[in-house]
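Take a look at the structure below.
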Amino acid sequence: MYVNNNKKLVAQLLLAAFILESCHSNIPVITEPKTRTKTKSLILSHSPAPILLYTSTKVIDDKNGGTNQDLYMPMQPTAQQAYAQPLNTSNTNRATNLEKVTSNTLEHWQILPIKQKAPDTRRVNNSRQLNANHTMISRLINQVCIANGGYQVAFQKKENSRLQAIVEDKYTTGSTRQILPVYIQPGINYSEIAIKNPIWQKLCIHIIKGCVYVGHIGLLGGDEDKISHTKKESEHKIEQIQAFIGEAAKNAEKAKSKDIVLVLGNTGVGKSTAVNYLLGTKIKFDTNDEGDRIAVTRNPQEERAKIGRNNFESETFFPDVYYNSAAASYVYCDTPGFNDTRTEEEQLNATIATQLIISCAEAVRAIIVVIDIQDLTTGKGKGMRELSLTLSRLLKSDIAPNSILFVFNDKNGSEINLDNIHKKIESLKKTEIAKLEKLQKSIETGGKAMLKEYKRLQQTLPLLEILSSSKDNTFKINLFDDFKSKQCIEKLIQNTQSTPKDKFNFSDYDEVRAKFNKQLAGVLDNITCKLCEFVNAHKDIDLLNNTMESCNERIVFYKDQLRPLNLQQKIQEEGQIPILEKKIKNYEENIEVLTRKRQPPRVKVNSLENEKADLEKDREILYKETRIIYCNEFVYNGPPFTRVKILEGKIPGTGLPAFEPRLRSEFIDKKNGIYRANLAIFSPYAHPGIRKMESYFAGTHKVLIYIQARNHPDNRARIQQIERILAEEGEKIAAFNREIMDLESSRDITLKLLETYKSNIQKQKKQLEDKRKSLEVNLGRIQRENQKAIAQKDKQEKIRQEAEKYLTERGTTIAAIYNLIAHGITSNEVNEIEKFKEYYQHYQSILDQGPNYIASLHKIDYPDHLICPLTQELFLDPVVTPCGHSFSHQELLKWLNTQKSCPNCREPVNPKRLCPNVSLRQVIEKLLSSREDKN
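Here it is as structure tokens:
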């Protein structure tokens, strides 16, 4: 209790001294709200602070394989600078930095506190210059910048050491040159590289009435009557982190182009002590205020990594880099501890600072995880489990086991050797595996808590597996062994595998960072949506203005078309109808005459073709019948035959067979018509006298030769005769057919021409009858289109104004998001980030260039058939000329004012005979509608 009272007394004395110092320095001190007095955050105010620009010559781009590139991004002031800024606790003062800068507000910012302000104008002007940042003045001298709005500003030093600016108008014609005084917002400090950055120049150099103001006044300046959009807590949190980023990034520069050995571990395990030991600092035992035994450096002046004297509070806030004289190839990086007692803001800042220093380093040479042996022995290994869970979330699962060096620190002198440590690790791993298997069996019936525990165990085990299997990469450090442990650890580091930067996962390895990333993603989405609304509204307003202008011109055009319209106009094609009908009649008469002349040859041809077909039928006939004499040779040589038949003879008057013919030899060649045979007569009767009759009866045998009818010589001669006649008659018929076909073709062409004339006449009559109604309908449609465009423009104007107010009040938030994105501190998808950058550039360009820039946003790659030949852009109110070519109506009228002919074919064109190309217009409307739906 006595100790607590002493602490209170010391705190009160320090507060009083701070107040006195503030009064002496003419700095107003405003106490924080009660709700903020207990917060340990470095960020002292919710109010948006002026934008600072942090310059980094090398930022690691994970998407490009770790390539280095120069980035210049807007930054908030540092924590020390935040002290000097007044706190705005009311809602009406939340957007102080967004108020429009005038000479009055400049005077308020530049002079000393209001209570000490002199009424004399000369004193006020002198106070402005005296209170300006002299460092900024020296850096601005001789700089030529492009200010917000496109003005060229050249800063010069006056004889009285004050700053002035030569301002040239942004317009090329009629440009003016002015020499204006320069006012610098108090407390700001930018590097020379930042001042040369075009983004910084647009954000922080403003031309207002009668002066050049250097500072942040919001994205649009802003008037006092702007509607305030209440910021969410997440937006304030992002703005608060802005002040810290500058210090963290500056601190990260220490690791630039260096290989670092990352020292990780829970708070109080002795990371800083181990770093001092590895740097060659001698260590001794001491006792802290709580009576606990601690290890400290023997000589406090040699303490490089500050060692905490309390086991529950971390002394390391920023990761720091320490050079190792014994191993010049790498440096040690002492990091804030896990499971710290910091506030959420401080814990978030610590994780961001660690991420930045890793990104800025050349490579992570090794990872040293310092583990207190008590984390294995007390609380059933609770500390070891928590460390394993944190590391498993921080390091991706595919990290090489050989890239981590586990160093055990025996703070309390338990004298546990390395073998016992491995046994305890193995026991802890088996316990966790058993828990996991048990949960796996009941996870389906368990609730959310069981599922959460199951996932936690799954995340814990990988690191325990690495620790269990990497016995060669484990070491128990002895801080009092005359640096023997140091030599062993340095040797292990040489054998350790480097860790790629993409193996670290800072997005959600702790709850505070995950919560912040979720808030950041939501804010980024909201701002991107507003940027899209603003840009698209500006673009739509410009398009609607063009549409309204075109509608007005078309209304005049259709009214002019309605006045001289004559529905009784004579159609020239009507006189051609009787002539064509007479030609068709003559053609038909000639066709009929030729048809009659063609009929006799056709009848004759049909008759001959039938006769020929009958002669060519596939039928067999008897061609030759010959009696054969005994022992004589029969020879046939004639047309090709199909078969040969030999008939045996009969005894005259009896009908009995005389003698049976027997072939002695036979030769058959049907295809060539050759047959030879020699017969021997054999009698079946045994009476001797009968043989004498053999020669007599031999003549009764016959040989029959059969052939195809078409092979008969007479038939062949007739077929050849018929073919000659058919050829002659066919030529006659073909001649008639050609004449008839020519006449029919001419008749058909004339018929089609007649039908075309009649159809055209009907169409022209209908067009003449309907044109008036069509013009009236189109006139009404265009008038409605004009009214619709007016209504849409009013709607888009409201959307634009609302988005503009929203974005104006979030200038600091947008700058903070730029910084976070530049350093990879965001969980949004790459496409979302690129969309944010793209639309923010459009937004700034619209503010600078206005309609000139808006016109460039309309350029979209449309199909060639939808592009006007005159403008090389999308058709706007397409019309078609009498020669059949389409153009944008407004541009064609401009062309016809001087040329009087079609731009394509040079045919004369009467502007009053232009007709809307309805089909083309409908296609374009459908295309634009589909694009709007996608957006």
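As numbered in full-length UniProt numbering, residues 1 to 935 make up the sequence shown, in order. Heads up, the beta-carbon is just placed ideally off N, CA and C, and yes, glycines get one too. All values derive from a computational prediction rather than experimental measurement.
Next item on the list: Mark Asp614 as exposed unless 16 or more other C-beta atoms lie within 10 angstroms of its C-beta, in which case mark it buried.
Entry: exposed
Notebook entry, point to check: His206 by DSSP, collapsed to three states: which one?
Noted result: strand
Check: With 16 as the cutoff for other CB atoms within 10 Å, does Asp375 come out buried or exposed?
Finding: By the neighbour-count rule (16 or more Cβ atoms within 10 Å), Asp375 is buried.
Next item on the list: List the residues that DSSP assigns as beta-bridge partners of Arg676.
Entry: Val635 and Phe667
Item checked: Through-space distance from Arg810 to Thr460, alpha-carbon basis -> Distance between the alpha carbons of Thr460 and Arg810 is about 41 Å.
Next item on the list: In angstroms with no decimal places, state the Cα-to-Cα distance between Ser470 and Phe406.
Entry: 9 Å
Item checked: Whole-angstrom distance between Ala353 and Ser498, CA atom to CA atom -> One C-alpha to the other measures close to 21 Å.
Notebook entry, point to check: Apart from the five residues just before and just after Ile707, which ones in its own chain have a Cβ nearer than 7 Å to its Cβ?
Noted result: Within its own chain, the residues whose Cβ lies closer than 7 Å to the Cβ of Ile707, once the five positions on either side in sequence are excluded, are Ile621, Tyr623, Pro639, Pro640, Phe641 and Thr642, listed in chain order.
Checklist line | Span separating the alpha-carbon of His602 from that of Glu723 | finding: According to the sequence provided, residue 602 is Arg. The question's His does not apply to it. Those two C-alpha atoms are separated by around 14 Å.
Checklist line | Classification of Val144 by the beta-carbon crowding that lies within 10 angstroms, buried from 16 upward | finding: exposed
Next item on the list: Would you please state the rounded distance, in angstroms, between the beta carbons of Ile591 and Leu743? I believe it to be under 8 Å.
Entry: 5 Å
Check: What do you reckon, are the CB atoms on Leu163 and Ile199 nearer than 7 Å?
Finding: no
Next item on the list: Keeping to the same chain, check which residues put their C-beta closer than 6 Å to that of Phe318; ignore five residues upstream and five downstream.
Entry: Asn251 and Ala353
Note to self: Within 10 Å of its beta-carbon, does Gln185 have 16 or more other beta-carbons around it, so buried, or fewer, so exposed?
What the structure shows: buried
Note to self: I believe Val261 touches Arg177 by the beta-carbon criterion, under 8 Å. Please report the beta-carbon distance rounded to the nearest angstrom.
What the structure shows: The pair is not a contact, with the Cβ atoms about 58 Å apart (cut-off 8 Å).
Item checked: Span of the alpha helix (DSSP H) around Asn197 -> Unbroken run through Asn197: none, as it is neither H nor E.
Margin query: Looking at Ile477: is its Cβ nearer than 7 Å to the Cβ of Asn409?
Written below: yes
Next item on the list: Give the secondary structure of Ile404 by DSSP, where H, G and I count as helix, E and B as strand, and everything else as coil.
Entry: strand
Next item on the list: For Ile825, I'd like the list of residues in its chain whose CB is within less than 7 Å of its CB, leaving aside the five on either flank, ordered along the chain.
Entry: Ile352 and Gln355
Notebook entry, point to check: Can you tell me where the beta strand (DSSP E) with Cys333 in it begins and where it stops?
Noted result: Counting along the chain, the beta strand (DSSP E) containing Cys333 begins and ends at Val331 to Asp334.
Notebook entry, point to check: Thinking just about the alpha-carbon of each residue, which of Tyr454, Lys763 and Ile373 is nearest to the one in Asn417?
Noted result: Ile373
Next item on the list: Identify which residue in Gln561, Leu278, Lys805 and Gln872 has its Cα closest to the Cα of Leu775.
Entry: Closest option to Leu775, Cα to Cα, is Gln561.
Check: Taking the beta strand (DSSP E) that Pro863 falls in, what are its first and last residues?
Finding: Where Pro863 is concerned, there is no enclosing beta strand (DSSP E), given that its DSSP letter is neither H nor E.
Next item on the list: Since I believe Leu492 is in contact with Leu464 (beta carbons under 8 Å), could you give me their beta-carbon distance rounded to a whole number of angstroms?
Entry: Incorrect: roughly 20 Å between the Cβ atoms, too far for contact.
Notebook entry, point to check: On the premise that Glu573 lies in contact with Asn852, defined as a C-beta separation below 8 Å, what is that separation, rounded to the nearest angstrom?
Noted result: That belief does not hold up - the Cβ atoms of Asn852 and Glu573 are roughly 53 Å apart, past 8 Å.
Check: Asn672 and Glu633: beta carbons closer than 7 Å?
Finding: no
Margin query: Whole angstroms are fine: how far does the CA of Thr813 sit from the CA of Tyr83?
Written below: Only weak support is given to the placement of Tyr83: the predicted model assigns it a pLDDT of 33, under 50, and the question is left unresolved by the model.
Next item on the list: Kindly list the residues whose CB is nearer than 6 Å to the CB of Asp259, restricted to its own chain and excluding five residues on each side of it in sequence; keep chain order.
Entry: Closer than 6 Å at Cβ, skipping near neighbours: Tyr330, Glu362, Ala363 and Arg365.
Note to self: Can you tell me whether Phe483 is helix, strand or coil according to DSSP?
What the structure shows: DSSP places Phe483 in coil when its eight states are reduced to three.
Next item on the list: From the DSSP output, in three-state form, read off Val918 for me.
Entry: helix
Margin query: Any beta carbon from chain D within less than 7 Å of Thr267's own beta carbon?
Written below: Given the protein chain composition of this structure (a single chain), no chain D is represented.
Checklist line | Length of the line joining the Cα atoms of Leu420 and Gly265 | finding: Before going further, note that residue 420 is Asn rather than Leu in the sequence given. If I take the Cα positions, the gap works out to 21 Å.
Next item on the list: On the DSSP bridge assignment, give the partners of Cys145 in chain order.
Entry: Val153
Check: Under three-state DSSP, which class holds Pro908?
Finding: In this structure, Pro908 counts as strand in the three-state DSSP scheme.
Check: Looking at C-alpha atoms only, which residue of Asn831, Thr898, Leu754 and Val182 is the closest neighbour of Leu524?
Finding: Put simply, of Asn831, Thr898, Leu754 and Val182 the residue whose alpha carbon is nearest the alpha carbon of Leu524 is Asn831.
Margin query: Could you compute how far the alpha carbon of Ile924 sits from the alpha carbon of Pro500?
Written below: 52 Å
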